[in-house]
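Working notes, beginning with the structure itself.
Residue numbers (UniProt numbering): 1 to 677.
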């Protein structure tokens, strides 16, 4: 609030507000009276005051910061004047009536323009209006246009003061009424905010599936919210006994919840997750968080907290874990029926089912031969032949390749007419996933619930995902079987081709007197044949360096004299063929001229990788020891030229003729050795 005001009718004059001025302005704000309309109670008072005091002017003046405003007036047309024209402001500090017999002679008012100019007021008598807390807000005054040296009579003074007291009392009542209205309005706003807060809290509890409770430890009585009742599937009565909810605990989770003893001694776990079995919503997961309220002696008297339905989160976690486990297990299975049974068991666990398995389907006769299944304790087996139509019409969906999810056999149009037959088998809900083998409806994976189970959209997506993975796994098995058959046929034809080439070579080279080159040629063909065998065994995929090396050495009968050392590294088919030929040449040379030609000679073959990323290099070292002295040949034959070409024909070969024997180091880009053609 600005504490400085400007006097309008004279030179600027600074007036510093006192604390009483601030209190007066705040009181006037509370009264909410400034600029209000006429009111009879005030108009009557100024009439009485003017009549009793025989004065032509009578006013009720309320003094503000820069003006005085008249709530009621007689004989004075203006509704307000600037503060510098106010005479009533001087009465605010007067404990008694302020009477100025001649305004022209009082230094406070002699220069007042209302005195020096029209309406030329000359006499003033005013009684201040003071509220219950002692704050003066204005004055009830009478004014005359002629001086009154005698002032007012005692009776007039008494009546003026009494009237001022009546106005003050009325103003106080007005302020009290305003305060009451403000309190009522504020209370309404608070109540509305509280109702909104409660509605928001209830909505948040429902959205977050969070309920609240307050348990009296001594009596066991428990106050619960509506959402608590919804979670536990009980009528929203608000008051229950703890036993009503303890008996709903899943048998496997008994002992996790608080008991009467643990609540009384304060040892109950305050945060715990457990399952409950409800009447119509099946099994639910609940997370309970609580805190103890204790008395002055520290004795637990109440357990207060929240319960949250975390079934959806638990199921989501279990679904993800189950799908990951399904993928891991399906990779190791090579039988369609094993795949079906594994999928059924995993699906049953994720969906808290009571029975799961698979059956062999005859789509023509519309029968299913149920195989021994997974069952919960106390659940009977369905093993044996069953006719689909005995249990409803959903086989039509299965034949169309659609997974079937029936949340209640008594209401689903596909089963309600046959519901008694299903209920007799302990089936209230069922899931069927068809499995097609080579385009034929061959198997059906089933999951049963004996009680109602609350299905969620994610559960349905989970079932469909299971079906897709089962079909993919079976498709993989069929593709692998076809690939193996094709590989065997290719291998058979390649062997025939190599045998034909070798027979033609023998026939063609029969006249050749020097049999050494002929033998080398035949052995090279054999090395290529061995490499092809390895690649075919891997479905023409990458081959392991160690496997290629052992196959070449074994073919030449040198397994006992060759040591191998290196990590598991695979190379592509082109690299495997190149490596096989190079190792064959090195082994053959060692048998003829090197360390493998002597009794004690040996060979160490080692390999490793060097570098990182695209610059990674594969290095292989052939090192002979304890053989005859070696010397560099004067000329190169085919074998030497083949070795000098290196892996993939890209060079990178270093040959050293050392005292202990021949050493050959070959390097090549690992990326090129492993990349898919």
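Yeah, the Cβ is synthetic: ideal placement off N, Cα and C, and Gly gets one too.
Residues of its chain near residue 372, where Cβ-Cβ distance is below 6 angstroms and the 5 sequence neighbours each way are ignored: Excluding sequence positions up to five before and after residue 372, its CB lies within less than 6 angstroms of the CB of 383, all in the same chain and listed in chain order.
Sequence-distant residues of the same chain with beta carbon closer than 8 angstroms to residue 675, five excluded per side: Cβ neighbours of residue 675 beyond the five flanking positions: 572.
Contact set for residue 285: own chain, Cβ-Cβ below 6 angstroms, skip 5 residues either direction: Answer for residue 285: 275, 310, 311, 314, listed in chain order.
Simplified DSSP assignment, three categories, for residue 600: DSSP places residue 600 in the coil class of the three-state scheme, outside both helix and strand.
Among 367, 401, 424, 361, the one whose alpha carbon lies nearest that of residue 380: When each option's Cα is compared against that of residue 380, the closest is 424.
Secondary structure of residue 300, DSSP reduced to three states: If DSSP states are grouped into helix, strand and coil, residue 300 belongs with the strands.
Simplified DSSP assignment, three categories, for residue 322: When secondary structure is reduced to three states using DSSP, residue 322 falls in the helix class.
Cβ contact (3+ pairs, closer than 8 angstroms) linking the stretch 426-434 and the stretch 383-401: With the cut-off at 8 angstroms, the stretch 426-434 and the stretch 383-401 touch.
Rounded C-alpha distance that separates residue 404 from residue 350: Cα to Cα, residue 404 sits roughly 17 angstroms from residue 350.
Chain D contact for residue 22 (CB, 9 angstroms cutoff): Any reference to chain D falls outside this structure, which holds one protein chain only.
Assumed close pair residue 474, residue 339 - CB separation to whole angstroms, cut-off 8 angstroms: Contact flag correct, Cβ pair sits at about 6 angstroms.
Residue environment, residue 534, which counts as buried when at least 16 other CB atoms sit within 10 Å: Only weak support exists for where residue 534 lies, its pLDDT of 49 falling under 50; the value from the coordinates is given anyway. Buried, since its Cβ has 16 or more Cβ neighbours within 10 Å.
Segments assigned beta strand (DSSP E), at least 3 residues, entirely inside the stretch 540-611: Runs of the beta strand (DSSP E) inside the stretch 540-611: 562-566, 602-610.
Run of the alpha helix (DSSP H) containing residue 399, from where it starts to where it stops: Looking at the DSSP string, the run of the alpha helix (DSSP H) that includes residue 399 is 395-399.
Helix, strand or coil at residue 25 [DSSP, three-state]: Residue 25 falls in the helix class under three-state DSSP.
Coil, strand or helix - residue 144 by DSSP: Here residue 144 sits in strand by DSSP.
Cβ neighbours of residue 8 in the same chain (closer than 7 angstroms, five flanking residues each side left out): At residue 8, the pLDDT of 34 sits below 50, so the modelled position is not reliable; the number obtained from the coordinates is stated separately. Contacts found: 82, 84.
Helix, strand or coil at residue 666 [DSSP, three-state]: The answer is strand: DSSP assigns residue 666 an E or B state.
Secondary structure, beta strand (DSSP E): runs of 3+ residues fully inside the stretch 126-177: 136-144, all fully within the stretch 126-177.
Beta-carbon contacts of residue 242 that lie in its chain and below 7 angstroms, excluding the five residues immediately before and after: Result list for residue 242: 215, 220, 222, in chain order.
Proximity to residue 76 [Cα-Cα], best of 69, 68, 59, 647: Selected option, being the one with the closest Cα: 59.
Residues that DSSP places opposite residue 282 in a beta bridge: Paired residues: none, contrary to the question.
Cutoff 7 angstroms; reference residue 660; Cβ partners in own chain excluding five residues on either side: Counting only Cβ-Cβ distances below 7 angstroms, and skipping sequence neighbours, we find 625.
With 16 other Cβ atoms within 10 Å as the buried cut-off, status of residue 584: Residue 584 is buried by the Cβ-count criterion.
Residue 434 - containing beta strand (DSSP E), residue span: Its beta strand (DSSP E) spans residues 429-437.
Beta bridge counterpart(s) of residue 223 as assigned by DSSP: Bridge partners of residue 223: 214, 239.
Boundaries (first-last residue) of the alpha helix (DSSP H) holding residue 51: Taken as a continuous stretch (DSSP letters only), the alpha helix (DSSP H) holding residue 51 covers 40-52.
Nearest to residue 336 (by Cα), restricted to the options 256, 437, 254: When each option's Cα is compared against that of residue 336, the closest is 437.
Neighbourhood of residue 705 by C-beta distance below 6 angstroms, restricted to the same chain and skipping five residues each side: Residue 705 falls outside the range modelled here, since the chain spans only 1 to 677, and no answer is possible.
Residue 531 versus residue 563: straight-line alpha-carbon distance, rounded: Since pLDDT at residue 531 reaches only 49, below the 50 mark, its modelled position is unreliable, and no value is offered.
Buried/exposed call for residue 117, threshold 16 Cβ in 10 Å: Of the other Cβ atoms in all chains shown, fewer than 16 fall within 10 Å of the Cβ of residue 117; this residue is therefore exposed.
Reduced DSSP secondary structure (H/G/I, E/B, other) of residue 289: Note: residue 289 maps to strand in three-state DSSP.
Own chain residues within Cβ distance below 6 angstroms of residue 664, not counting five before or after: Only 622, 655 meet the Cβ criterion.
Alpha carbon of residue 591 to alpha carbon of residue 598, nearest angstrom: Their backbone Cα atoms lie some 8 angstroms apart in a straight line.
Residue range of the alpha helix (DSSP H) that includes residue 269: Membership of residue 269 in any alpha helix (DSSP H) is not indicated, and neither H nor E is assigned to it by DSSP.
Beta bridge counterpart(s) of residue 192 as assigned by DSSP: According to DSSP, residue 192 bridges with nothing at all.
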